[in-house]
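*Asks:* Here's a structure for you.
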Amino acid sequence: MNLNIKEACRLCLGKSSKTCDEIFFPIDEDFERKFTEITDCILDVLNEAYPVNICNSCLTQFEEYYNYRKSLIEKQKRLNQLLNIRKDLKIVKKQKLEDLNENKFMS
Ligand SMILES: [Zn+2]
Numbered sequence: 001m002n003l004n005i006k007e008a009c010r011l012c013l014g015k016s017s018k019t020c021d022e023i024f025f026p027i028d029e030d031f032e033r034k035f036t037e038i039t040d041c042i043l044d045v046l047n048e049a050y051p052v053n054i055c056n057s058c059l060t061q062f063e064e065y066y067n068y069r070k071s072l073i074e075k076q077k078r079l080n081q082l083l084n085i086r087k088d089l090k091i092v093k094k095q096k097l098e099d100l101n102e103n104k105f106m107s
């Protein structure tokens with residue numbers, strides 16, 4: 001495998017148009033943060049031994065995956081919120097019934 005590491009895509013290690021688009025983008029801090037968030041791996045962009053570019057195909061897939069993952073997390077939080085609200089409503093309803101019953105016995 002004859003690979004020029006510096007010119008390869010940091011994510012797929014590809015360079016030819018078969019595996020990657022030929023347009024490359026430099027990796028920035030925002031990308032680095034997102035990468036660590038979804039992979040628990042560190043890109044270490046300051047280490048000059050590593051490639052500093054990613055290909056178009058990886059960039060697209062990465063953004064899609066990142067956004068999908070983020071959306072799943074948000075939906076689960078929303079679902080939990082909704083369930084808690086329902087639980088609270090049930091408690092409120094139960095409390096009201098108990099109050100009504102107490103009033104019945106008191107009168
Ligand atoms: Zn790539």
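Under full-length UniProt numbering, residues 1 to 107 are what the sequence shown spells out, in order. Virtual Cβ for every residue (Gly too), placed ideally from N, Cα, C.
Can leucine 59 and phenylalanine 25 be called in contact, C-beta distance under 9 Å?
*Replies:* For the purposes of this step, residue 59 is taken as residue 59 along the sequence shown, with counting starting at 1. For the purposes of this step, residue 25 is taken as residue 25 along the sequence shown, with counting starting at 1. Yes, Cβ-Cβ distance for leucine 59 and phenylalanine 25 is below 9 Å.
*Asks:* Quick check: the segment 31 to 47 against the segment 73 to 83, are at least 3 beta-carbon pairs closer than 8 Å?
*Replies:* Segments in contact, no.
*Asks:* Could you tell me whether any non-hydrogen atom of ligand 1 is closer than 8 Å to the CB of isoleucine 27?
*Replies:* Indexing the sequence shown from 1 puts residue 27 at position 27. Outside the cutoff, so no.
*Asks:* If you draw a straight line from the alpha carbon of leucine 13 to that of asparagine 84, how long is it in whole angstroms?
*Replies:* Residue mapping note: residue 13 aligns to position 13 of the sequence shown, counting from 1. Residue mapping note: residue 84 aligns to position 84 of the sequence shown, counting from 1. Cα to Cα, leucine 13 sits roughly 46 Å from asparagine 84.
*Asks:* Starting from isoleucine 54, follow the beta strand (DSSP E) in both directions and report where the run begins and ends.
*Replies:* As a first step, residue 54 must be located in the sequence shown, where it is residue number 54. Per DSSP, isoleucine 54 belongs to the beta strand (DSSP E) from 53 to 55.
*Asks:* What do you reckon, is the C-beta of isoleucine 54 under 8 Å from a heavy atom of ligand 1?
*Replies:* By 1-based counting over the sequence shown, the position of residue 54 is 54. Yes, the Cβ of isoleucine 54 comes within 8 Å of a heavy atom of ligand 1.
*Asks:* Excluding sequence positions up to five away, which residues of its chain have a Cβ less than 7 Å from the Cβ of tyrosine 66?
*Replies:* Translated into positions along the sequence shown, residue 66 becomes position 66. These residues qualify, in order along the chain: Lys34 and Ile38.
*Asks:* If you reduce the DSSP assignment to three classes, tell me which class cysteine 9 lands in.
*Replies:* Along the sequence shown, read from residue 1 onward, the residue named residue 9 stands at position 9. Strand at cysteine 9.
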